[in-house]
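K.L.:
Before we start, here is the structure in question, set down as structure tokens.
Take a look at the structure:
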């Protein structure tokens with residue numbers, strides 16, 4: 001089908017900016033302290049440990065972080081998190097230990113070790129997915145519903161969602177890979193239809 005202004009795309013990391021907006025709305029309302037421990041709102045993030053390589057048996061060497069992760073660290077990607085498709089340690093955990101990828105949209109995919117102590121440096125990763133978990137914890141609603149009522153509807157934005165409708169699926173553009181000769185090949189890839197988690201770092205579809 002021809003591309004139109006109503007074609008639907010997986011907008012992936014563009015989702016991050018919208019999650020950031022939802023976070024800052026809660027800050028403005030006095031419901032979220034950027035510098036409080038993130039585990040105050042999303043307790044599971046307090047379970048993450050720092051990985052310091054692997055031992056002789058291939059088991060990860062883990063220790064407690066020196067400080068708590070804050071939402072501010074998550075917002076600026078300095079919490080210690082990464083992605084399995086850009087970091088060799090996470091890739092090894094996926095290949096050898098069965099660590100689920102974030103594209104599974106599962107809670108288990110977020111339970112990855114930290115690559116460094118929170119706040120020590122920058123690393124692109126699952127930070128905004130955790131911010132989405134914080135937004136859900138504070139509002140008591142799924143992230144998609146928060147986006148719809150607090151951001152999309154006030155702005156008149158339609159057809160942006162974590163879960164495709166049948167009408168949107170009919171207009172879904174395929175993701176393509178570029179070949180060595182410059183040509184494009186469609187990829188048979190789609191995010192989970194009924195995600196366990198609305199992933200604040202990459203999960204949205206939109207026109």
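Numbering (UniProt numbering), first residue to last: 1 to 207. Glycine residues also receive a C-beta, built at the ideal position from the N, C-alpha and C atoms.
Rounded to a whole number of angstroms, what is the C-alpha to C-alpha distance between residue 150 and residue 100?
P.N.:
Taking the chain shown and counting its residues from 1, the one referred to as residue 150 is at position 150. Taking the chain shown and counting its residues from 1, the one referred to as residue 100 is at position 100. Whole-angstrom Cα-Cα distance: 31 Å.
K.L.:
Looking at C-alpha atoms only, which residue of 63, 21 and 96 is the closest neighbour of residue 57?
P.N.:
As a working note, residue 57 is residue 57 in the chain shown. That would be 96, whose Cα lies nearest to the Cα of residue 57.
K.L.:
Use the C-beta contact count for residue 147: other C-beta atoms within 10 angstroms, 16 or more gives buried, fewer gives exposed.
P.N.:
Mapped onto the chain shown, residue 147 falls at position 147. Residue 147 should be labelled buried.
K.L.:
Can you tell me which of 103, 55, 112 and 37 puts its alpha carbon nearest to the alpha carbon of residue 93?
P.N.:
Taking the chain shown and counting its residues from 1, one reaches residue 93 at position 93. Measuring from the Cα of residue 93, the nearest candidate turns out to be 112.
K.L.:
What separation, rounded to the nearest whole angstrom, lies between the Cα atoms of residue 182 and residue 176?
P.N.:
Taking the chain shown and counting its residues from 1, the one referred to as residue 182 is at position 182. Taking the chain shown and counting its residues from 1, the one referred to as residue 176 is at position 176. Cα-Cα distance, rounded: 12 Å.
K.L.:
Within the same chain, show all residues whose beta-carbon is closer than 7 Å to that of residue 71, passing over the 5 residues directly before and after it, in chain order.
P.N.:
As a working mapping, residue 71 is identified with position 71 in the chain shown. So the list reads 23, 32, 34, 38, 131 and 134, once near-sequence residues are dropped.
K.L.:
Can you look up residue 191 in the DSSP assignment and give me helix, strand or coil?
P.N.:
The residue labelled residue 191 in the question sits at position 191 within the chain shown. Of the three classes helix, strand and coil, the one that applies to residue 191 here is coil, per DSSP.
K.L.:
What first and last residue would you give for the alpha helix (DSSP H) that runs through residue 50?
P.N.:
Within the chain shown, the letter at position 50 stands for residue 50. It is not in any alpha helix (DSSP H) - residue 50 instead sits in the beta strand (DSSP E) that spans 50-54.
K.L.:
If you follow the beta strand (DSSP E) that residue 177 is part of, which residue opens it and which one closes it?
P.N.:
In the chain shown, residue 177 corresponds to position 177, counting from 1. First-last of the beta strand (DSSP E) with residue 177: 176-178.
K.L.:
Thinking C-beta only, is residue 51 closer than 8 Å to residue 115?
P.N.:
Residue numbering aside, residue 115 sits at position 115 when the chain shown is read from its first letter. Residue numbering aside, residue 51 sits at position 51 when the chain shown is read from its first letter. Closer than 8 Å, so yes.
K.L.:
Use the C-beta contact count for residue 197: other C-beta atoms within 10 angstroms, 16 or more gives buried, fewer gives exposed.
P.N.:
Counted from its first residue, the chain shown places residue 197 at position 197. The residue is buried, with at least 16 neighbouring Cβ atoms inside 10 Å.
K.L.:
Using three-state DSSP, classify residue 205 as helix, strand or coil.
P.N.:
Translated into positions along the chain shown, residue 205 becomes position 205. Residue 205 falls in the strand class under three-state DSSP.
K.L.:
Does the beta-carbon distance from residue 8 to residue 110 come in below 8 Å?
P.N.:
Position 8 of the chain shown, counting from 1, holds the residue named residue 8. Position 110 of the chain shown, counting from 1, holds the residue named residue 110. Not in contact: residue 8 and residue 110 (Cβ atoms no closer than 8 Å).
K.L.:
Taking 8 Å as the threshold (C-beta atoms), are residue 200 and residue 159 in contact?
P.N.:
By 1-based counting over the chain shown, the position of residue 159 is 159. By 1-based counting over the chain shown, the position of residue 200 is 200. Against a cut-off of 8 Å, the Cβ pair of residue 200 and residue 159 comes out as no contact.
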